[in-house]
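Here the sequence shown stands for residues 6 to 198, where the numbers follow this note's numbering.
Where a beta carbon is used, it is the ideal one built from N, C-alpha and C, also for glycine.
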Amino acid sequence: KTMKKLAFLLTLVGLTTAHAQHNIDFDDGWTFCHQGTTHHVRLPRAWNEDDAFRVNNADLPTDTVRYVKRFRLPRSARGKRVFVEFEGARHAARVWLNGHYLGLHEDGITAFGFDLTPYLDPRGENRLEVLTDNSWDYREEATGQRYQWNNKNFNANYGGLPKHVRLHLLGDVYQTLPLLSSLGTTGVYVYAT
């Protein structure tokens, strides 16, 4: 009886199968440029992972590295809201889509994402750029503080995009994405007791 009521309510707000969330693996087709050399990669790919067992943890290289992905939206994205989800970036990531600045994420650990919809070319090529910084002495912009866990004796410093990326295609009414920052979403939540 409760499930029938829930199904009825979801139908009223438009959460039917026609509006269900659709996820797209977005790991293929990236490039990153480091010191004048361009590398074509599939994510997850830390730009400095080739040095993993060549040098001590404390000597892993750090730098600011730009990742770029050019893509076209699938037909299934037409008329939908399109979000990008990064499972993480090390330590900071500034993100642009088609030249529009989307925002900054800092911490190197948690997932984050952005609503791409306002800046997408639904029929043409799009360019997503992520500028990462994995400096050992990276400091948060708002506080000037270093991360306690960012210690040469504690954590390997694999910079860039060392985790998966995906696109989420959603209807106008959708379940809030499980992202811990950047989206600023609020609203009604349904949960089991």
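Residues that Ile214 bridges to, as DSSP identifies them: Here the chain comprises residues numbered 6 to 198, so residue 214 is not present and cannot be evaluated.
Residue environment, Asp177, which counts as buried when at least 16 other CB atoms sit within 10 Å: exposed
Under the three-state DSSP convention, the category Glu54 falls into: helix
Per DSSP, the bridge partner or partners of Asn131: Phe76
Heavy atom of the ligand SAM within 8 Å of Glu146 beta-carbon: Looking at this structure, you won't find the ligand SAM or any other ligand, since it has none at all.
Cβ neighbours of Lys157 in the same chain (closer than 6 Å, five flanking residues each side left out): Ala63
Limits of the unbroken beta strand (DSSP E) element including Tyr124: Run containing Tyr124: none; DSSP gives neither H nor E here.
Which residues DSSP lists as bridging Phe88, in chain order: Asp120 and His173
Rounded Cβ spacing between Gly217 and Lys74 (contact assumed at less than 8 Å): The structure shown does not extend to residue 217, since the chain is modelled only from 6 to 198, so the question has no answer here.
Alpha carbon of Ala94 to alpha carbon of Asn53, nearest angstrom: Approximately 13 Å between the Cα atoms of the pair.
With 16 other Cβ atoms within 10 Å as the buried cut-off, status of Leu185: Caution is warranted here: a pLDDT of 48 is assigned to Leu185, below 50, making its placement in the model unreliable, and no coordinate value can be reported.
DSSP three-state assignment for Asp138, whether helix, strand or coil: strand
Sub-9 Å separation of Leu121 and Glu146 beta-carbons: no
Three-way DSSP call (helix, strand, coil) for Thr67 in this model: Taken through DSSP and simplified to helix, strand or coil, Thr67 comes out as coil.
Gly113 classed as buried or exposed, judged by whether at least 16 other C-beta atoms fall within 10 angstroms: buried
Length of the line joining the Cα atoms of Phe88 and Thr115: 16 Å
C-beta atoms of Phe91 and Val135 nearer than 9 Å: yes
Three-way DSSP call (helix, strand, coil) for Ala147 in this model: coil
Straight-line gap, Leu174 to Asn103 (C-alpha atoms, nearest Å): 18 Å
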